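Numbered according to the numbering used here, the sequence shown spans residues 245 to 1096. Report on the structure given below.
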Amino acid sequence: MKAIDRIYQVLVTHHLGEKLTTEQIAAAVGLTRGVVSSYLSHLFRAGKIVKSGTRPIFWEVSAPASAFDDFIGTQGSLHAVVDRCREAIIYPPNGLPILITGPSGVGKSFLAKVIFNEAKRLGKITPDGRFVVLNAADYANNPELLSSVLFGYKKGAFTGANTDSPGLLDQADHGYLFLDEIHRLPPASQEKLFSLLDSGNFYPLGENKQPHHVTVRFVFATTEDIDNVLLKTFLRRVPLQVTLPAFINRTLNERTTLVLNAFKHEADRIKQSIQITLPTLLSLANTNAPGNVGAMENQVKLLCAAAYAQHTDKTVPILVGADNGYQITISGTMPLQQLQLLPTQIAPTMAKLGQQLQTSLQSDDDINEQNLLVRQTVRPLTNLTDAMLITAVQQQLQGSAEAILHHRYGVRLPADASFWHRNAVALYCIQVGTNVSRQHEFAPLSDLVRTKYPRSAYLFEHMLAKVMQKDNPAIWLLFPLLMQPVVKKVESIAYNGILLAHGQSTAASIQSVVNNLCGNYLFEAFDMPIDVSIHEINQQVQNYLSTQRAGNAGTFVLFDMGSLNQMFSEIKKTQDQKLLVINNLTTAMALDVGLRMQRQDSFTTIAQASHRYGDTMGTQYFEGLSDQRNIIVSCMSGVGLSEEIRRMMRNTLSGKEQIITMDYKDLRATLDNHDQRFFDKTQFVLTTTDITTDLNIAIINIYDIMEKTGYYQLVKLLTDAGERQADCQHFMDQLLKFFSIEGIRDRLQFLNPDVVINEVEKITSSYQAYYGIELAGKVRLNLYMHLALMIERMLLASHKPDKVTTIKITSDQEHEFFSVSHTIFHGIEVKYNFKVADYEISLMYQLLAPYI
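If you want it as structure tokens, here you go:
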């Protein structure tokens, strides 16, 4: 056997198995890869084998031409349907009846004829077998006539039946009978049919002795819900049911092919080439009419008829659609395979890419990693697409980028031709490789992109709105490829900037100037009618801010005229971000704010700088006591004590709240002269005096927190404000220690209160831990003072003659207390070289007995 024949034999052997690469074939025949590659090229040119894929290329034996090759979707979304139909054709001895369901105009009749042609090609029916069609809807009002047409009749069966007449079943013997609109078949006729399906026998109308026997294959079709219109006994005899989807639910690849095929038929009809524009193709491919494919084909006929009336000269191609310089030429002799714009593997490729990007985003990978994923996917598809369409898509994409990204937002993408060609290929693959019915699978991807890259995603959506004819979540597959060069720059802006102006293009003009001078997306602009309400303005602002970064950096709103306070208050109602509003908008003002935003000046710096724009400008950036969440501290004894409490709060709490100290008289006046909104950011007031007010503000007396009720109230206020329980306890301990030190400072003769307070705090904690109790603040304060003075008494007593006072212990609890106390006091006894007397321990017991 010659080497080339051996290679072909290897492929024939694997015809029903997997496709083979050049390396696999070379290994099987024992030849070098170069020699095998040469022979494979000869076999390919001879039409004996076909190849697919790139790097590696896969080879297989050419399959014989199938009638299904003319059925668009055979290798795509209707692959499973075609497989089921093939099974019905070849199943012995006479195949299986098939029921095709689906809305009107989806191609049920065409599929029935293809099934017939394939059965004849395979030799499953005789060469002279016929394809007989009956539309039951034509006889909906005359069931007897329908029965006679279908089953035939005997002479004398009814008035006018002068001779025997065969029915359609007899005509379809050894062929196919296609019963369309089967739901219009009356129950009696259905019963006759399922008897025929069982035995091949039926009785013509008027015959009750001698049945007719036929070998007929059946294809049924209906647009209705079969469970409601067909007998269950009939349905049990039709085991194979397939459904054809609506036109709009086919992949865009298949829809565009169906459109081009319709134009091909019209070109053949008028014997003239037809040119259509890309927008026309996509518009027809997105037809969503009740007539489905039929409705689309009617639109094509009308377009061609209108164009033909204008161009009857056969030497001039008919142009359908507005001339934008990008036409697709279709002739009546063009093979269907040439109309297939992309290979069917693009759909699963796009689905896989979507999953990979979702995983990458969830892993918080860099945009470069996501860009590489898309580039790797698009690269092998570059040479598989229609060059003319890619050129058109590229023009659209670049035009939209120039008009939107650059002109409005000052963001410029690379001018490199390969960059734009790569993006055009990717966009086109996304459009033709994603099914409408499965687009929801890409929704999580769009959410992830918007979350991680909110500003870039906003620009991306605006730009693609001019390219995509309808919303398709799969478009987010393009984001890493198109936006990667500018993402870092765009996302570096931490602020939100908004320009509001009355007129058709006032705000947009200033936006374009400022964004382009700064070379980045800083401001969005809203041009408003002169009679727009403040509520409508605020709604636009809220809608915009919902798409942007939800951080605490701040928002800058610059507007041309109106009430400053009203604008600030209206926006602030629904925004927790820092907000600066400036009225009497000018280009110079917007540019100054933009430059400060770009160099990441602090919000306060930008807000304070806005005061220098001139007397005609007004600015506002907070309302009320403060623009931050705050706690007010005010002590009647003076600001010094308030400042000390603020210091303790700063050292122990998280710092989320601003601590504001106020003189007591100022606090009283502030509460009396302002409404609730003035204190919207105030969490509570901490003071040394009981204060009453009509405002809904929590006011805590510092001395009340020495009791459990006051303590828990303060802890709740702090935890509600976002503080941790442990930090609250730390603050309380510091506060208690502070007041203890102040209380004992003047009573101690020589001990340093700042040192001894740590000792008494440790002793108190030991008692609480041992007995599992939590002493109220006032009890602990009393205990701190007692212990501090006791330590000093013991030091003084250690230098005097020892006077022993006998203490009578009367209970087991008291005995245990003395025992554990000696252990607790051991540390200070060693440190200060004294012995704590039993009398002192008995005093301690009197203090703590009610709580243990």
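From the three backbone atoms N, C-alpha and C, an ideal C-beta is built for every residue, glycine too. Since this is a predicted model, take the numbers as computed values, not measurements.
Legend entry - CA-to-CA distance, Gly411 to Phe395, given in whole angstroms: 5 Å
Legend entry - Close-in-space but distant-in-sequence residues of the same chain around Ile1051 (CB under 7 Å, 5 per side omitted): Asp1082, Tyr1083 and Ser1086
Inset, instruction - Determine the extent of the beta strand (DSSP E) in which Val325 is found, giving its start and end residues. - result: Val325 -> not in any beta strand (DSSP E); alpha helix (DSSP H) instead, spanning His323 to Ile334.
Inset, instruction - To the nearest angstrom, report how far apart Phe315 and Thr495 are at their CA atoms. - result: 14 Å
Legend entry - For Asn827 and Gly806, believed in contact at Cβ under 8 Å, the rounded distance: 6 Å
Legend entry - Rounded straight-line distance, which links the Cα of Asn612 to that of Lys925: 42 Å
Inset, instruction - Output the boundary residues of the alpha helix (DSSP H) element that contains Gly741. - result: Unbroken run through Gly741 is the beta strand (DSSP E), Asn740 to His746; no alpha helix (DSSP H).
Inset, instruction - State the CB to CB distance for the pair Asp907 and Ser870, rounded to an integer number of angstroms; the pair is presumed to be in contact (CB under 8 Å). - result: The pair is not a contact, with the Cβ atoms about 17 Å apart (cut-off 8 Å).
Legend entry - Thr266 versus Val305: straight-line alpha-carbon distance, rounded: 14 Å
Inset, instruction - Could you check if Ser984 is buried or exposed, using at least 16 other CB atoms within 10 Å of its CB as the buried criterion? - result: buried
Inset, instruction - Taking only the alpha-carbon atoms, compute the straight-line gap between Pro729 and Ile774 and give it to the nearest angstrom. - result: 39 Å
Inset, instruction - Consult DSSP for Gln844 and reduce its assignment to one of helix, strand or coil. - result: coil
Legend entry - DSSP three-state assignment for Leu585, whether helix, strand or coil: In this prediction, Leu585 scores a pLDDT of 47, lower than 50, which makes its location untrustworthy; no coordinate-derived value is stated.
Legend entry - Residue burial classification, Phe422 (beta-carbon count within 10 angstroms, cutoff 16): buried
Legend entry - Start and end residues, alpha helix (DSSP H) containing Gln755: Thr750 to Cys762
Inset, instruction - Classify Phe402 as helix, strand or coil using the three-state DSSP reduction. - result: coil
Legend entry - Where Ile941 falls: helix, strand or coil (DSSP): coil
Legend entry - Residues that Asn379 bridges to, as DSSP identifies them: Asp424
Inset, instruction - Could you give the DSSP three-state label for Ser1055: helix, strand or coil? - result: coil
Legend entry - Where Gln728 falls: helix, strand or coil (DSSP): helix
Inset, instruction - May I ask you to report which of helix, strand or coil DSSP gives Ser348? - result: coil
Inset, instruction - Could you please give me the residues that DSSP links to Pro410 through a beta bridge? - result: Gly396
Inset, instruction - Give a yes or no on whether the C-beta atoms belonging to Gln792 and Asn740 are separated by under 7 Å. - result: yes
Legend entry - Run of the alpha helix (DSSP H) containing Phe982, from where it starts to where it stops: Gln969 to Ile988
Legend entry - Selected residue, minimal CA-CA separation from Leu504, among Ser443, Thr577 and Leu437: Thr577
Inset, instruction - Keeping to the same chain, check which residues put their C-beta closer than 7 Å to that of Val1064; ignore five residues upstream and five downstream. - result: Tyr1014
Legend entry - Close beta carbons around Asp249, own chain, < 6 Å, minus the five adjacent residues each side: none
Inset, instruction - Tell me where the alpha helix (DSSP H) around Ile1007 begins and ends. - result: Pro997 to Tyr1015
Inset, instruction - Leaving out five residues on either side along the sequence, give the residues of the same chain with a beta carbon under 6 Å from the beta carbon of Met1029. - result: Gly987 and Ile988
Legend entry - Of the residues Pro489, Leu475, Val279 and Val326, the one placed nearest Gly349, counting alpha carbons only: Pro489
Legend entry - Cβ-based neighbour list, Phe354, same chain, cut-off 8 Å, excluding 5 preceding and 5 following: Phe315
Inset, instruction - Mark Ala659 as exposed unless 16 or more other C-beta atoms lie within 10 angstroms of its C-beta, in which case mark it buried. - result: exposed
Inset, instruction - State the CB to CB distance for the pair Leu744 and Ala751, rounded to an integer number of angstroms; the pair is presumed to be in contact (CB under 8 Å). - result: 6 Å
Inset, instruction - Please determine, among Leu692, Gly351, Thr370 and His323, the residue with the shortest C-alpha to C-alpha distance to Asn338. - result: Thr370
Inset, instruction - Take Val618 as the anchor and find which of His418, Leu601, Asp609 and Asp608 has the nearest alpha-carbon. - result: Leu601
Legend entry - Burial state of Gly569, where buried means 16 or more other Cβ atoms lie within 10 Å: Confidence in Gly569 is poor, its pLDDT being 44 and thus under 50, which makes the residue's placement unreliable; the coordinate value appears in the next sentence. Under this definition Gly569 is an exposed residue.
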